[in-house]
Amino acid sequence: MKKRWICLFVENEIGVLARISGLFSGKSYNLDSLTVGVTEDSTISRMTISLTSDDRTFEQIKKQLSRSIEVIKVVDYTDTSIHMKEILFIKVIHCSDADMTELFRISKVFGVEIIDYDGDTVLLECTQTENRNNDLIALLKRKFVNSIEIVRGGSVAVEAVSISER
Amino acid sequence: MKQITGADLFMKALKEEAVDTLFAYPGGQAIDLFNALYGEKEIDVILPRHEQGLIHAADGYARSTGKVGVCLVTSGPGATNLVTGIATANYDSVPLVCFTGQVPTHLIGNDTFQEVDFVGITRSICKYAVMVRKREDLAETIKKAFYIAKTGKPGVVVVDLPKDVQRAYGSDLYPKEIMVRGYKPKLSVHMGQLNKALEVLNHAVKPVFLIGGGVNIAHANKEMTQLAELTGVPVITTIMGKGAIPTTNSLYVGNIGIHGSYAANSAISNCDVLFSIGTRFNDRITGKTEEFAVNAKIIHIDVDAASISRNIDVDIPIVADAKKAICALLEKAKPLHISEWTDEINHWKKEYPIDMGKVGLTPQMIIQSINEMFKDAIVATDVGQNQLWATQFLEIGENDQMLTSGGLGTMGYGFPAAIGAKLGNPHKDVIVISGDGGMQMNIQEMATAVVYELPVIICVLNNGYLGNVRQWQEMFYERRYSSTCMRYRRSCETGCNQPDHCCPEYIPDFIALAESYGAKGIRVTKAEDIKNALTSAKQNTKIPTVVEFIIDREANVMPIVPPGNPLNDMILEREENRE
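Residue numbers (the numbering used here), protein chains in the order written: chain A, 28 to 193; chain B, 1310 to 1888.
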């Protein structure tokens, strides 16, 4: 089992998201995250899909996506240099003064922005890789048991231009 | 530019696409389209008695003619009744375009009368499903639908037509060509891969061809026969591939699979090169996959890249249309010297034939009589034991055809498919081989066959059981005949597994039923009456004939590969018959 990334160019039409997500659920393919948005060409949408699978299933997934009429192009990002970011909001409630200090410290180390706070609640915004976001969530879950709320957006990815960054 | 309604454009599109037969059932949200069809002379509009019968008929028409089958039904229940037929056709790569009426666009989502999200329902069981939301998209969408249905790996396209789009005025132009940027059917053959495949084939000691439905769909039967004869390589087929070369050809070994012949399954298990064309290595043909053709280098030609290396790992994959690939092979292939291997296969064929014996009214005798009495015929099977016996015993010559629901295994398919086949091939004999269970699933189409004067011959093999499930219950579930007896009544003991002469009378009386529709009915209870019955059925040239054969209640399909076994580990005959 390995983490995979796919970039999908699809027709910007009603029902295409249902078609792609339905393909994953219908064939019991695992899906970690899926994001979609319109591209510079308004008739084309671009999806970033992350999933975990073995080689054989992954080959099949790519083929199944390719044969969908609505799919224009499938690009496998698994072993390419890409820039990848995921938006993550974390709301921490019932914070003591000491918690606040700790949160401000964590935000420095993780490069997280505190975008709002009031009374005993703090709102953090984090735009990092999925893995980095996972680390932050794990840390905050440990430190602030039952007092965090998480919203994450799923990753978007684009090929690197000049450097080999992953 | 002339302005016409959506319904009139629909008519124009059908004519531009050379549609000569339309399978159609009206309803509130399709009434404008039917209005446009009123008095139509160029298109034969067929009104079946149920939408499921309708789509199977369109399917039989498409399979037997090679043309696109076209359906038109209303929204809601009209559309949902198509679902089984869509999955059936798509699974077997049959080109259909299904037009469904839909409530007006401004009412969609309101739980309007007879509204269902039909595109949503069918998305995962068809090749492409689309709703036309704007009148200006109508022409292009219909063009696209036909193009997608018939090219590449053919399949079903659903076009949902809201009523306001049918009524709205717009351009009368219908495009001559269409480009779909996400859809590029493979038109060429990769010669490098093909040469590699030939190299492997030429060095083979024990090669076989394994041919699936792709060769029949590509109408490459003649070329396939030439290729087999040129190379001398034995040919094994899947159920869908049966007829790829004439079954009487000496190079034909038989069907592979859980009810395949011992010779075919053994040849697959022992071959050193498996050259497969147009099959997806479905679980019904591979048996235990870990032991499938373990010694073989596997070459796989398929038009669908997703079919390659999905169930079975392939050494040389080639994505191509079967006909194009076979034609390219024909130019370069040469004879192989493999007489030891062919002798071995012939020995298996001789030692372990599929044979039900010559006593009594057996399915084998019935089907062999069909073989003798009908040449250049189309045989549509239903699903279950009747289908499996047909695939075992039916002879398919150069101009014969077998229509069968191989992928989905849809009971109730055979009879309506035969109606469609007869409509498309009025000069050919069309025969149905069905069981008594499946026959009752679309029996209402007897009316269609009568009113359109379609003299199909319907052979009902009646054992009073849902026989294939009963056979599994007998062999693998300790004879627990749960819900498989068709003679069951409230008065019966629960848990009965002993068919005997005290069983309640069978209903319906197929003969009386046929006659109530104005068709003919003949019941056959003795082997010596088979030919007389078929002869008199042949003489009914205006109406269908039901020939009901009362067969042994517990006749089994043999041989069989028990679930989980490798292919060549078969049970060859029933325990009590073994010596």
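All C-beta atoms in this analysis are idealised placements derived from N, C-alpha and C, irrespective of residue type, glycine included.
So the candidates are the options; which of them puts its Cα closest to the Cα of residue i?
{"i": "Gly-161 (chain A)", "options": "A:Ser-182, A:Val-149, A:Val-63 and A:Asp-68", "result": "Looking at the sequence shown, residue 161 (chain A) is not Gly but Asn. Ranking the options by Cα distance to Asn-161 (chain A), first place goes to A:Ser-182."}
{"i": "Met-1320 (chain B)", "options": "B:Asn-1591, B:Leu-1331 and B:Gln-1701", "result": "B:Leu-1331"}
{"i": "Gly-1523 (chain B)", "options": "B:Ile-1545, B:Leu-1539 and B:Asp-1611", "result": "B:Asp-1611"}
{"i": "Ile-1676 (chain B)", "options": "B:Lys-1840, B:Tyr-1561, B:Ala-1553 and B:Glu-1863", "result": "B:Lys-1840"}
{"i": "Ala-1900 (chain B)", "options": "B:Asn-1525, B:Leu-1881, B:Val-1406 and B:Gln-1475", "result": "Because chain B here runs from 1310 to 1888, residue 1900 (chain B) falls outside it and cannot be looked at."}
{"i": "Arg-1593 (chain B)", "options": "B:Ser-1825, B:Lys-1443, B:Gly-1491 and B:Thr-1546", "result": "B:Thr-1546"}
{"i": "Ala-1892 (chain B)", "options": "B:Ala-1727, B:Leu-1697 and B:Gly-1721", "result": "What is shown of chain B runs 1310 to 1888, which leaves residue 1892 (chain B) out entirely."}
{"i": "Val-1739 (chain B)", "options": "B:Pro-1725, B:Ile-1752 and B:Met-1748", "result": "B:Pro-1725"}
{"i": "Gly-1266 (chain B)", "options": "B:Arg-1372, B:Gln-1848 and B:Ile-1831", "result": "Residue 1266 (chain B) cannot be examined here, being either before or after the span of chain B that is shown, 1310 to 1888."}
{"i": "Ala-1398 (chain B)", "options": "B:Trp-1698, B:Gln-1710, B:Ile-1679 and B:Gly-1715", "result": "B:Gly-1715"}
{"i": "Val-1544 (chain B)", "options": "B:Phe-1427, B:Asn-1655 and B:Thr-1393", "result": "B:Asn-1655"}
{"i": "Arg-159 (chain A)", "options": "A:Ser-108, A:Tyr-104, A:Lys-112 and A:Asp-103", "result": "A:Lys-112"}
{"i": "Gly-1804 (chain B)", "options": "B:Arg-1788, B:Met-1867, B:Pro-1813 and B:Arg-1589", "result": "B:Arg-1788"}
{"i": "Val-63 (chain A)", "options": "A:Ile-141, A:Ser-55, A:Lys-54 and A:Ser-77", "result": "A:Ser-77"}
{"i": "Lys-1436 (chain B)", "options": "B:Phe-1427, B:Leu-1447 and B:Lys-1462", "result": "B:Lys-1462"}
{"i": "Ile-1859 (chain B)", "options": "B:Pro-1853, B:Phe-1785 and B:Gly-1773", "result": "B:Gly-1773"}
Beta-carbon of residue i versus every beta-carbon of chain A: anything under 8 Å?
{"i": "Ser-1402 (chain B)", "result": "no"}
{"i": "Val-1866 (chain B)", "result": "no"}
{"i": "Gly-1429 (chain B)", "result": "yes"}
{"i": "Tyr-1492 (chain B)", "result": "yes"}
{"i": "Asp-1613 (chain B)", "result": "yes"}
{"i": "Ser-1585 (chain B)", "result": "no"}
{"i": "Tyr-1456 (chain B)", "result": "no"}
{"i": "Val-1769 (chain B)", "result": "no"}
{"i": "Val-1489 (chain B)", "result": "yes"}
{"i": "Glu-1888 (chain B)", "result": "Residue placement at Glu-1888 (chain B) is poorly supported in this model, since its pLDDT is 44, which falls under 50; the coordinates are not used for a value here."}
{"i": "Tyr-1561 (chain B)", "result": "no"}
{"i": "Ser-1433 (chain B)", "result": "yes"}
{"i": "Arg-1444 (chain B)", "result": "no"}
{"i": "Tyr-1370 (chain B)", "result": "no"}
{"i": "Ser-1618 (chain B)", "result": "yes"}
{"i": "Asn-1874 (chain B)", "result": "no"}
Looking at chain B, is there any beta carbon in it that lies within less than 8 Å of the beta carbon of residue i?
{"i": "Arg-46 (chain A)", "result": "yes"}
{"i": "Arg-31 (chain A)", "result": "no"}
{"i": "Val-65 (chain A)", "result": "no"}
{"i": "Ile-96 (chain A)", "result": "yes"}
{"i": "Ile-76 (chain A)", "result": "no"}
{"i": "Asn-91 (chain A)", "result": "The sequence given here places Gln at residue 91 (chain A); Asn does not occur at that position. Closer than 8 Å to some Cβ of chain B, the Cβ of Gln-91 (chain A) qualifies, so yes."}
{"i": "Gly-180 (chain A)", "result": "no"}
{"i": "Gln-155 (chain A)", "result": "no"}
{"i": "Gly-146 (chain A)", "result": "no"}
{"i": "Gly-138 (chain A)", "result": "no"}
{"i": "Ile-99 (chain A)", "result": "yes"}
{"i": "Arg-193 (chain A)", "result": "The predicted position of Arg-193 (chain A) is uncertain, since its pLDDT is 47 and thus under 50; no value can be drawn from it."}
{"i": "Gln-87 (chain A)", "result": "yes"}
{"i": "Glu-186 (chain A)", "result": "no"}
{"i": "Glu-38 (chain A)", "result": "yes"}
What are the residues that DSSP puts in a beta bridge with residue i?
{"i": "Ser-1480 (chain B)", "result": "B:Gln-1312"}
{"i": "Ser-60 (chain A)", "result": "A:Ser-77"}
{"i": "Arg-1779 (chain B)", "result": "In the DSSP output, where bridge partners are listed per residue, Arg-1779 (chain B) has none listed."}
{"i": "His-1609 (chain B)", "result": "B:Ser-1585 and B:Pro-1626"}
{"i": "Ile-33 (chain A)", "result": "A:Ile-76 and A:Asp-103"}
{"i": "Asp-143 (chain A)", "result": "A:Leu-150"}
{"i": "Lys-89 (chain A)", "result": "Answer is none; Lys-89 (chain A) lacks a bridge partner."}
Compute the distance between the beta-carbons of residue i and residue j, then report whether it is under 8 Å.
{"i": "Ala-1506 (chain B)", "j": "Ile-1625 (chain B)", "result": "yes"}
{"i": "Val-1299 (chain B)", "j": "Pro-1516 (chain B)", "result": "Examination of residue 1299 (chain B) is not possible in this model, given that chain B is present from 1310 through 1888 alone."}
{"i": "Ile-114 (chain A)", "j": "Leu-167 (chain A)", "result": "no"}
{"i": "Val-1514 (chain B)", "j": "Trp-1650 (chain B)", "result": "yes"}
{"i": "Val-1264 (chain B)", "j": "Leu-1346 (chain B)", "result": "Here chain B comprises residues numbered 1310 to 1888, so residue 1264 (chain B) is not present and cannot be evaluated."}
{"i": "Met-1720 (chain B)", "j": "Val-1692 (chain B)", "result": "yes"}
{"i": "Asp-1567 (chain B)", "j": "Tyr-1561 (chain B)", "result": "First, the residue type needs correcting, since residue 1567 (chain B) is Ile and not Asp in the sequence shown. Cβ atoms of Ile-1567 (chain B) and Tyr-1561 (chain B): not closer than 8 Å."}
{"i": "Gly-1729 (chain B)", "j": "Gly-1369 (chain B)", "result": "yes"}
{"i": "His-1307 (chain B)", "j": "Asn-1390 (chain B)", "result": "For residue 1307 (chain B) there is no data in the structure shown, the boundaries of chain B being 1310 and 1888."}
{"i": "Lys-1311 (chain B)", "j": "Glu-1351 (chain B)", "result": "no"}
Does the ligand ZN have a heavy atom nearer than 7 Å to the CB of residue i?
{"i": "Ser-1800 (chain B)", "result": "In the structure shown, the ligand ZN is absent, as is every other ligand, since no ligand is present at all."}
* To do: Would you list, in sequence order, the uninterrupted alpha helix (DSSP H) runs of no fewer than 4 residues that lie entirely inside the segment 1339-1404 of chain B?
  => With a minimum length of 4 residues, the continuous alpha helix (DSSP H) runs that stay inside the segment 1339-1404 of chain B are 1340-1346, 1360-1374, 1386-1389 and 1392-1400.
* Any chance you could list the beta strand (DSSP E) runs of at least 3 consecutive residues sitting entirely within the segment 1550-1597 of chain B, in chain order? => Segments of the beta strand (DSSP E) lying fully in the segment 1550-1597 of chain B: 1561-1564 and 1582-1586.
* Secondary structure, alpha helix (DSSP H): runs of 4+ residues fully inside the segment 1727-1764 of chain B -> 1745-1748 and 1755-1760
* Counting only runs that start and end within the segment 1803-1836 of chain B, where is the beta strand (DSSP E) found for 3 or more residues in a row? -> Taken in chain order, the complete beta strand (DSSP E) segments of 3 or more residues contained in the segment 1803-1836 of chain B are 1829-1833.
* Which runs of the alpha helix (DSSP H), 4 residues or longer, sit entirely within the segment 1689-1718 of chain B? -> 1694-1702
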